[in-house]
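In this note's numbering, the protein residues as written are 3 to 347.
Beta carbons: idealized from backbone N, C-alpha and C, even for Gly.
Below is one structure; the comments refer to it alone.
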């Protein structure tokens, strides 16, 4: 009975070999691997934990692909291309590649091995090798990066198309690094409205970067002080740019200017809740010449009048006022008011 079964199994394997035009391979080492040729095939199988090797030596340098058909397995099987030293040129799994198509660029006259392996199931396949035509249907995108504080960290971006079955790739698009971010308006005057401005971004080639690649947001853009404009890159670019703009206090108005006492005058104005304080300038010069002009600073925004003494009697004085806002340790000044004049008693 055993002899009859052995004869039957030998006949079955022989028929299998003839049906695919090559030899059956159940090789657990590279030394015992069965050789196949371009456009030929071999039947291979393996038990749980074993490897099956098929040997191929191309006659010319080019891209070749190994693939399986009539596959039979109930779990994950891994296929790879490697040389005798064990260097791997490509690896695939059957979970997203049912035919285990595995391709690579191979050198003429060098021997390579198509290796099938499973840690969970036994398998049987028919393996063939043919010329490989790249299928660049996968891609990776690498955005250009911008660092406004360290230009050495700025670099170009690109998109590469990757072959579905081999490691080959080509660059299909490039994005030069950002070189500058500019706001159209750098200074505003307070008027109770939110302040915004247009932004232009330029790459290192001098081209304008499309606004679809960034978003613009604002912080503290209503009251006097420093406005923070943030450009956050997206899409083909990454990184962040921060621009500090100013909102100046509104132009103040002198409500009263009188001299009721000798060598004195009293300046009055309306309280401005949005500022930190005020500056008053007075001069005997209509053009506020430096040598004849003095400045008084009022540090409380609640103050609405100031009496100035030690003036010259019978002299005409020119007076103006402006507000300031203290922000980030600096004073941001508004425009000077219209000048009023008074003759000091």
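- Item | Nearest-angstrom Cβ-Cβ length linking residue 216 and residue 230, presumed shorter than 8 Å | Taking a contact as a CB-CB distance under 8 Å, the pair residue 216 and residue 230 does not count as one, their CB atoms being some 16 Å apart.
- Query: Would you call residue 57 buried or exposed, if buried means 16 or more other Cβ atoms sit within 10 Å of its Cβ?
  - Reply: With 16 or more Cβ atoms within 10 Å of its Cβ, residue 57 is classed as buried.
- Message: Closest to residue 222 by C-alpha separation, out of 204, 245, 200 and 321, would be which residue?
- Response: Answer by Cα proximity: 245.
- Item | Nearest candidate by alpha-carbon position, reference residue 157, set 177, 170 and 167 | Of 177, 170 and 167, the residue nearest in Cα terms is 177.
- Query: Which partner residues does residue 308 have in the DSSP bridge list?
  - Reply: According to the DSSP secondary-structure assignment, residue 308 is paired through a beta bridge with 269.
- Task: Tell me whether residue 155 sits in a helix, a strand or coil according to DSSP, three-state version.
- Result: DSSP places residue 155 in helix when its eight states are reduced to three.
- Where residue 120 sits in the DSSP three-state scheme: It is coil, neither helix nor strand.
- Task: Specify the secondary structure class of residue 214 as computed by DSSP and reduced to three states.
- Result: Helix at residue 214.
- Message: Here's the rule I'm using: 16 or more other beta-carbon atoms within 10 Å means buried, otherwise exposed. How should residue 95 be labelled?
- Response: Residue 95 should be labelled exposed.
- Query: Closest to residue 324 by CA distance: which of 61, 274 and 311 is it?
  - Reply: Among 61, 274 and 311, the Cα nearest to that of residue 324 belongs to 274.
- Can you check whether the CB of residue 299 is closer than 8 Å to the CB of residue 2? Here the chain has residues from 3 to 347 only, and residue 2 is not among them.
- In chain order, what residues of the same chain lie with their CB nearer than 6 Å to the CB of residue 225, ignoring the 5 residues before and after it? Spatial neighbours of residue 225 in its own chain (CB-CB distance under 6 Å, excluding positions within 5 residues in sequence) are listed in chain order as 276.
- Query: So, using beta-carbon positions, are residue 137 and residue 166 closer together than 8 Å?
  - Reply: The Cβ atoms of residue 137 and residue 166 sit closer than 8 Å to each other.
- Neighbourhood of residue 164 by C-beta distance below 8 Å, restricted to the same chain and skipping five residues each side: Counting only Cβ-Cβ distances below 8 Å, and skipping sequence neighbours, we find 138, 140, 141, 142, 170 and 171.
- Query: What residue range is occupied by the uninterrupted beta strand (DSSP E) comprising residue 46?
  - Reply: Counting along the chain, residue 46 sits inside the beta strand (DSSP E) bounded by residues 43-48.
- Is the CB-CB distance between residue 255 and residue 326 below 8 Å? The Cβ atoms of residue 255 and residue 326 do not sit closer than 8 Å to each other.
- Query: What do you reckon, is the C-beta of residue 309 under 7 Å from a heavy atom of the ligand ATP?
  - Reply: This structure does not include the ligand ATP; it has no bound ligands of any sort.
- Task: Could you tell me which of 266, 92, 59 and 48 sits nearest to residue 168, measuring between CA atoms?
- Result: Of 266, 92, 59 and 48, the residue nearest in Cα terms is 92.
- Report the rounded CA-to-CA distance for residue 152 versus residue 34, giving the unit in angstroms. CA-to-CA, the gap between residue 152 and residue 34 works out to about 58 Å.
- Item | Length of the line joining the Cα atoms of residue 135 and residue 65 | Approximately 7 Å between the Cα atoms of the pair.
- How many angstroms separate the CA atom of residue 32 from the CA atom of residue 82? When rounded, the distance between both Cα atoms is 13 Å.
- Can you tell me which of 105, 104, 181 and 80 puts its alpha carbon nearest to the alpha carbon of residue 125? When only C-alpha atoms are compared, the closest one is 80.
- Task: Would you mind working out which of 150, 99, 261 and 175 sits nearest residue 312, comparing C-alpha positions?
- Result: Looking at the Cα atoms, 261 is the closest of the given residues.
- Task: Assign residue 7 to one of three DSSP states: helix, strand, or coil.
- Result: Only weak support is given to the placement of residue 7: the predicted model assigns it a pLDDT of 30, under 50, and the question is left unresolved by the model.
- Would you kindly report the start and end of the unbroken beta strand (DSSP E) that includes residue 171? Per DSSP, residue 171 belongs to the beta strand (DSSP E) from 171-177.
- Can you grab the Cα-Cα spacing for the pair residue 50 / residue 110, in whole Å? The C-alpha of residue 50 lies about 34 Å from the C-alpha of residue 110.
- Which partner residues of residue 142 appear in the DSSP bridge assignment? DSSP output for residue 142 lists 162 as bridge partner(s).
- Query: Do residue 105 and residue 67 have their C-beta atoms within less than 8 Å of each other?
  - Reply: Cβ distance < 8 Å, so residue 105 and residue 67 count as in contact.
- Query: Per DSSP, what kind of secondary structure is residue 301 in: helix, strand or coil?
  - Reply: Residue 301: coil per DSSP, three-state reduction.
- Item | residue 112 - DSSP class collapsed to helix/strand/coil | In this structure, residue 112 counts as coil in the three-state DSSP scheme.
- Residue of 282, 202, 253 and 236 minimising C-alpha distance to residue 144: Sorting 282, 202, 253 and 236 by C-alpha distance to the C-alpha of residue 144 places 236 at the top.
- Item | Extent of the continuous beta strand (DSSP E) to which residue 343 belongs | It spans 342-345 - the beta strand (DSSP E) in which residue 343 sits, taken as one unbroken run.
- Query: Relative to the C-alpha of residue 101, which residue among 130, 114 and 193 is closest?
  - Reply: For the residues 130, 114 and 193, the minimum Cα distance to residue 101 belongs to 130.
- Determine the contact status of residue 314 and residue 343, defining contact as a CB-CB distance below 8 Å. In this structure, residue 314 sits away from residue 343, with a CB-CB distance that is not shorter than 8 Å.
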